[in-house]
Amino acid sequence: MNRKSTATAARGGTVPDVDEAARAEIAARAWQGLRTLVLDRHDRRREVCDALGMSFIRAKALRHLVAGELTMRQFAERLAIDPPYATLVVDDLQRRGLVLRSPHPSDRRLRMVSLTPAGTRAAESAERILNRPPAAVADLDAADLAALDRLVAKLLG
Numbered sequence: 014m015n016r017k018s019t020a021t022a023a024r025g026g027t028v029p030d031v032d033e034a035a036r037a038e039i040a041a042r043a044w045q046g047l048r049t050l051v052l053d054r055h056d057r058r059r060e061v062c063d064a065l066g067m068s069f070i071r072a073k074a075l076r077h078l079v080a081g082e083l084t085m086r087q088f089a090e091r092l093a094i095d096p097p098y099a100t101l102v103v104d105d106l107q108r109r110g111l112v113l114r115s116p117h118p119s120d121r122r123l124r125m126v127s128l129t130p131a132g133t134r135a136a137e138s139a140e141r142i143l144n145r146p147p148a149a150v151a152d153l154d155a156a157d158l159a160a161l162d163r164l165v166a167k168l169l170g
């Protein structure tokens with residue numbers, strides 16, 4: 014099967030060759046469908062915000078800290094925010110008892126940010142919500158679910 018016919022094959026249809034314009038149209042339609050599914054119909058971000066009582070950037074910050082402590086600079090870079098905003102986010106999370114700020118072990122100029130046990134629980138709660146598939150996915154038959162899993166793995170590849 015060639016690149017041009019992959020989208021049609023994934024839908025279980027026949028696999029005719031299509032020209033580049035038709036292929037681009039199919040790709041755009043598929044991408045729009047994915048965006049609509051994830052961002053419009055089943056956006057879990059609002060659910061995370063409501064469950065944790067905070068903005069999504071704060072929940073995202075907690076999720077990034079699960080892997081281990083970060084310097085404030087690393088923290089800002091991982092979240093793609095500027096350092097002053099990173100300080101505001103950390104200040105708020107610290108007031109809530111979700112993170113700790115401590116000196117770097119070898120460089121006093123740097124500050125480290127790490128999760129408290131409550132912060133770890135909040136991050137885990139956010140992950141559970143974000144990882145729960147919507148009914149549109151969970152209710153697919155086994156063959157479609159396997160095909161979707163294979164295609165997503167290939168896209169992330």
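Numbering (our numbering), first residue to last: 14 to 170.
Every residue gets a Cβ at the ideal spot worked out from N, C-alpha and C, and that includes glycine.
Can you give me the C-alpha to C-alpha distance between Arg54 and Glu60, rounded to a whole angstrom?
Locating residue 54 in the sequence shown gives position 41, counting from the first residue. Locating residue 60 in the sequence shown gives position 47, counting from the first residue. Each residue's alpha carbon lies about 12 Å from the other.
Please return the same chain residues whose Cβ sits closer than 8 Å to the Cβ of Leu161, not counting the five positions on each side in sequence.
As a working note, residue 161 is residue 148 in the sequence shown. So the list reads Val150 and Leu153, once near-sequence residues are dropped.
Just to confirm the assignment: which complete alpha helix (DSSP H) runs, minimum length 4, are found wholly within the segment 107 to 163?
With a minimum length of 4 residues, the continuous alpha helix (DSSP H) runs that stay inside the segment 107 to 163 are 130 to 144 and 148 to 151.
Identify the continuous alpha helix (DSSP H) that holds Val61 and give its terminal residues.
Stepping through the sequence shown from its first residue, residue 61 is reached at position 48. Taken as a continuous stretch (DSSP letters only), the alpha helix (DSSP H) holding Val61 covers Arg58 to Leu65.
Rounding to the nearest angstrom, what Cα-Cα distance links Pro97 and Leu111 in this structure?
Residue numbering aside, residue 97 sits at position 84 when the sequence shown is read from its first letter. Residue numbering aside, residue 111 sits at position 98 when the sequence shown is read from its first letter. Pro97 and Leu111: Cα-Cα distance of roughly 19 Å.
Would you mind reading off the limits of the alpha helix (DSSP H) that contains Arg48?
As a first step, residue 48 must be located in the sequence shown, where it is residue number 35. First-last of the alpha helix (DSSP H) with Arg48: Glu33 to Arg48.
By the 10 Å Cβ neighbour count, where 16 or more other Cβ atoms means buried, how is Val51 classified, buried or exposed?
In the sequence shown, the residue the question calls residue 51 occupies position 38. Val51 comes out exposed.
Go ahead and label Val102 buried or exposed: buried means 16 or more other beta carbons lie within 10 angstroms of its beta carbon, across all protein chains shown.
For this step, residue 102 is matched to residue 89 along the sequence shown. That one is buried.
Along the alpha helix (DSSP H) that carries Ile70, what are the first and last residues, could you check?
In the sequence shown, counting from the first residue as 1, residue 70 sits at position 57. Run containing Ile70: Phe69 to Leu78, per the alpha helix (DSSP H) assignment.
If you draw a straight line from the C-alpha of Pro146 to the C-alpha of Arg121, how long is it?
The residue given as residue 146 occupies position 133 in the sequence shown. The residue given as residue 121 occupies position 108 in the sequence shown. Looking at the two C-alpha atoms, the distance is approximately 44 Å.
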